[in-house]
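Remarks on the structure that follows.
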Amino acid sequence: MVEIGYKLACEEHGPLELVCNARQAEDAGFAFAMISDHYHPWTSRQGQSPFVWGVIGGISQVTAALPLVTGVTCPTVRIHPGIIAQAAATAAMMMPGRFALGLGSGENLNEHVFGDRWPPAPARIEMLEEAVEVIRLLWKGGMQDYYGAFYTLENAQVFSLPDELPPIYIASEGPISASMAARVGDGFINPGSNAEENLIIFRDSGGGDKPAYIENSVCWAQTEEEGQRTAYEQWPIPANTGELNRLLPTPTHYEQAAKMVTPEDVAKHVVCGPDPEAHIRKIEESIGKGFDHVCIHQIGQQQREFMEFYTKEVLPHFGE
Numbered sequence: 001m002v003e004i005g006y007k008l009a010c011e012e013h014g015p016l017e018l019v020c021n022a023r024q025a026e027d028a029g030f031a032f033a034m035i036s037d038h039y040h041p042w043t044s045r046q047g048q049s050p051f052v053w054g055v056i057g058g059i060s061q062v063t064a065a066l067p068l069v070t071g072v073t074c075p076t077v078r079i080h081p082g083i084i085a086q087a088a089a090t091a092a093m094m095m096p097g098r099f100a101l102g103l104g105s106g107e108n109l110n111e112h113v114f115g116d117r118w119p120p121a122p123a124r125i126e127m128l129e130e131a132v133e134v135i136r137l138l139w140k141g142g143m144q145d146y147y148g149a150f151y152t153l154e155n156a157q158v159f160s161l162p163d164e165l166p167p168i169y170i171a172s173e174g175p176i177s178a179s180m181a182a183r184v185g186d187g188f189i190n191p192g193s194n195a196e197e198n199l200i201i202f203r204d205s206g207g208g209d210k211p212a213y214i215e216n217s218v219c220w221a222q223t224e225e226e227g228q229r230t231a232y233e234q235w236p237i238p239a240n241t242g243e244l245n246r247l248l249p250t251p252t253h254y255e256q257a258a259k260m261v262t263p264e265d266v267a268k269h270v271v272c273g274p275d276p277e278a279h280i281r282k283i284e285e286s287i288g289k290g291f292d293h294v295c296i297h298q299i300g301q302q303q304r305e306f307m308e309f310y311t312k313e314v315l316p317h318f319g320e
């Protein structure tokens, strides 16, 4: 059975809002939540970007059963994977049996901020694979040394480890990372592009029946026109094609790119408005592609209204 989840977008909401939204999502009947991990928002209009690990601590204290996945953390450039190993182990102790670590190869927007070079995609995928190795090594416990192509550990030990280690899900939008995800990950995450073909690669490369997550961006509003306008103003990112969203370095550059697309361009990728059938069809499309976890990202500030709409009009269709 498919599970419908809720996206906690750190780019749009402050830390206390995110904690409140997580509690409301649990009460509304969403089966899980995913939370983004950014240093910058995509655009200045979005306006937020709190430190995700602090927010997760708050969420652990106001929810009782809601599973939470980082969607996604980049453990390669800005933050050493040894730190992510410690952070995720702590989160898993605070949310026993309901925390999962979602990892990806990141974006220049977030990862170059301390002056590090942003490597090309094949190198980023190699770095991510080694980072997973470092994290799993530290999760074995004990004092660890590691001398890899990209990362070093010397006398490193994560002392606070959960009884149940969290699964590691790998994000992918391309064939190389999809096969790597099958090899080293416990599940698959797709942000919403090249979804079906990469899930097939993941399954065929050894992913089997491991969990598969996909993110659908929507903009519930009183009218379709209002939804399109809000989506364009707050989240023009889906209209960017190719590698652009991995390469631009600042929110200003994304704002410049947004001037080259229209609200109609964004609406091709985002379900807008109050028609429940449109939202249901989008979820069914993701299920038809083979995904068993569909995470819904509501663009904008109308989170409570969106949750009420999904509780009454959408989740019952899927037995949530």
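Numbering (full-length UniProt numbering), first residue to last: 1 to 320. Glycine residues also receive a C-beta, built at the ideal position from the N, C-alpha and C atoms.
Apart from the five residues on each side of it in sequence, which residues of its chain come closer than 6 Å, Cβ to Cβ, to residue i?
i      : result
Ala121 : none
Leu18  : Leu8, Val55
Ser177 : Ile125
Lys289 : Ala195, Glu196
Going by DSSP, what residue range makes up the alpha helix (DSSP H) through residue i?
i           : result
residue 321 : This structure cannot speak to residue 321, because the chain is shown only from 1 to 320.
Ser179      : 175-184
Glu225      : 224-234
Leu247      : 244-247
Glu313      : Counting along the chain, Glu313 falls outside any alpha helix (DSSP H), and DSSP gives it neither H nor E.
Ile200      : 195-202
Determine whether the beta carbon atoms of residue i and residue j lie at a separation below 7 Å.
i      : j      : result
Pro15  : Pro67  : no
Leu128 : Thr90  : no
Cys272 : Gly227 : yes
Gly192 : Gln234 : no
Tyr146 : Leu137 : yes
Glu12  : Gln61  : no
Val184 : Tyr232 : no
Phe114 : Glu130 : no
Cys10  : His38  : yes
Glu173 : Asn155 : no
Pro3   : His297 : One point to set straight first is that residue 3 is Glu, not Pro, in the sequence displayed. Cβ atoms of Glu3 and His297: not closer than 7 Å.
Ile59  : Ala22  : yes
Trp139 : Ala87  : no
Ala212 : Pro236 : no
Ser205 : Ser179 : yes
Gly71  : Ser36  : yes
Lys210 : Gly242 : no
Rounded C-beta distance between residue i and residue j? I'm assuming under 8 Å.
i      : j      : result
Ile214 : Phe291 : 4 Å
Ile135 : Pro81  : 5 Å
Trp220 : Pro274 : 6 Å
Val261 : Ala239 : 4 Å
Leu103 : Val132 : 7 Å
Ala100 : Pro167 : 5 Å
Met34  : Gly5   : 6 Å
Tyr169 : Val314 : With a Cβ gap of about 24 Å, Tyr169 and Val314 do not count as contacting.
Thr43  : Tyr254 : 5 Å
Ala181 : Gly207 : 7 Å
Thr63  : Glu26  : 5 Å
Lys216 : Lys282 : The sequence given here places Asn at residue 216; Lys does not occur at that position. Their Cβ separation, rounded to whole angstroms, is 5 Å, which keeps Asn216 and Lys282 in contact under 8 Å.
Can you list, in chain order, the residues of its chain whose CB lies under 8 Å from that of residue i, leaving out five sequence neighbours each side?
i      : result
Glu164 : Ala92, Pro96, Gly97
Gly142 : Gln157
Gln24  : Gln303, Arg304, Met307
Thr311 : Ala28, Gly29
Taking the beta strand (DSSP E) that residue i falls in, what are its first and last residues?
i      : result
Gln144 : 144-147
Asn21  : No beta strand (DSSP E) holds Asn21; the alpha helix (DSSP H) holding it covers 15-28.
Val218 : 212-219
Phe188 : 187-190
Phe150 : From DSSP, Phe150 is part of no beta strand (DSSP E); its letter is neither H nor E.
Ala33  : 32-35
Gly5   : 3-8
Leaving aside the five residues before and after residue i along the sequence, list all residues of the same chain whose C-beta is less than 7 Å from its C-beta, in chain order.
i      : result
Pro175 : Asn198, Ile201
Met1   : Gly319
Glu224 : Cys272, Gly273
Glu107 : Asn245, Arg246
Pro41  : Glu11, Gly47, Gln48, Ser49, Pro251
Ser286 : Ile214, Asn216, Val294
Ile280 : Val314, His317
Arg78  : Tyr39, Asn110, Glu111, Val113, Phe114
Ala31  : Glu3, Ile4, Gly5, Glu320
Thr230 : Cys219, Ala221, Ile299, Gly300
Pro249 : Asn108, Leu109, His112
Which ranges does the beta strand (DSSP E) cover as unbroken runs of at least 3 residues, wholly within the region 43-96, from first to last along the chain? Taking 3 residues as the shortest admissible run, the region 43-96 contains the following complete beta strand (DSSP E) segments, listed from N- to C-terminal end: 68-70.
As an exercise, report each continuous beta strand (DSSP E) stretch of at least 3 residues that is fully enclosed by the region 92-141, in chain order. 99-103
Suppose only complete runs of 3+ residues qualify. What are the beta strand (DSSP E) ranges in the region 249-309, listed by chain order? 293-298
Restricting to runs no shorter than 3 residues, where is the beta strand (DSSP E) found entirely within the region 153-177? Fully enclosed beta strand (DSSP E) runs of 3 or longer: 168-171.
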